[in-house]
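Below is one structure; the comments refer to it alone.
Protein chains: 2
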Amino acid sequence: MKNRLKVLRAERDWTQGDLANALEVSRQTVNAIETGKFDPSLPLAFKAARLFNLKIEDIFSDEN
Amino acid sequence: MKNRLKVLRAERDWTQGDLANALEVSRQTVNAIETGKFDPSLPLAFKAARLFNLKIEDIFSDEN
DNA sequence: ACTAAATGTAAAATATATTTGACATTGCAT
DNA sequence: ATGCAATGTCAAATATATTTTACATTTAGT
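As they're listed, the protein sequences go chains A and B. Under the numbering used here, think of the first position of the first sequence as 274, with each following residue one higher. Under the numbering used here, think of the first position of the second sequence as 274, with each following residue one higher.
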């Protein structure tokens with residue numbers, strides 16, 4: 274699962290901690306998702322989409 | 274998390290087992306998701322969206 | 001009413017996501 | 001070169017999703 278979180282953060286000048294805060298998850302969770310260690314849950318993906326005013330598919334993409 | 278799986282199945286005259294097959298998960302997983310027992314993983318949501326040619330948000334919706 | 005298929009449900013086992021706390025590394029400003 | 005913030009990472013604990021097996025209930029056809 275690829276994702277554009279790092280870019281979306283950069284556009285807003287947010288740290289991983291800032292994003293974690295906005296998503297109400299731990300900084301490690303944001304880091305692990307950004308670095309591809311695991312996929313976010315669907316609720317978390319929804320939360321991110323709402324936060325950035327984007328569709329889930331515009332943030333995350335299934336390879337394959 | 275609400276979802277339209279039951280309707281999408283009905284439109285195609287698919288059983289829960291048929292859908293489970295198409296999604297490569299167990300019938301119980303489909304049942305549990307349809308009846309709101311838990312949320313699908315993000316990869317599974319992607320798979321369903323691909324299967325029905327819909328956006329994830331057109332199948333699943335976060336209440337709140 | 002009988003039968004078979006579809007659906008709902010439950011418990012135990014496994015897999016995956018998330019948290020917390022902690023520490024190492026990188027990058028940048030001074 | 002030092003110091004500090006941001007990032008990467010790890011291990012243990014907890015939460016949640018998924019599988020398997022099994023059985024009960026509902027639905028539809030005959």
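All C-beta atoms, glycine included, are put in the ideal place defined by N, C-alpha and C. Bear in mind that the values here come from a model prediction, so they are computed numbers and not experimental data.
*asked:* Against chain A, does I332/B count as a neighbour if the rule is that its beta carbon must be under 7 Å from one of theirs?
replied: For I332/B, the answer is no, since every Cβ of chain A falls outside 7 Å of its Cβ.
*Give me whichever residues DSSP pairs with S334/A in a beta bridge.*
Per DSSP, K275/A.
*Counting only beta-carbon atoms, is L315/B nearer than 7 Å to chain A?*
Judged by the 7 Å Cβ criterion, L315/B is in contact with chain A.
*Of all Cβ atoms in chain A, is any one closer than 7 Å to the Cβ of Q325/B?*
Note that residue 325/B corresponds to Phe in the displayed sequence, not to Gln. F325/B does not count as touching chain A.
_Going by beta-carbon coordinates alone, are A295/B and L315/A separated by less than 7 Å?_
No, these two residues do not count as a Cβ contact at 7 Å.
_Distance cutoff 7 Å, beta carbons only. Does A318/A sit that close to anything in chain B?_
A318/A counts as touching chain B.
*Give the straight-line distance between the Cα atoms of E284/B and D291/B, rounded to the nearest whole angstrom.*
Between the alpha carbons of E284/B and D291/B lies a gap of roughly 13 Å.
*Measure the beta-carbon distance from V280/B to A293/B and round it to whole angstroms, keeping in mind my assumption that it falls under 8 Å.*
About 17 Å; that fails the 8 Å criterion.
*Step through the CB atoms of chain A and report whether any lies within less than 7 Å of the CB of K310/B.*
Answer no: the Cβ-Cβ gap between K310/B and chain A never drops below 7 Å.
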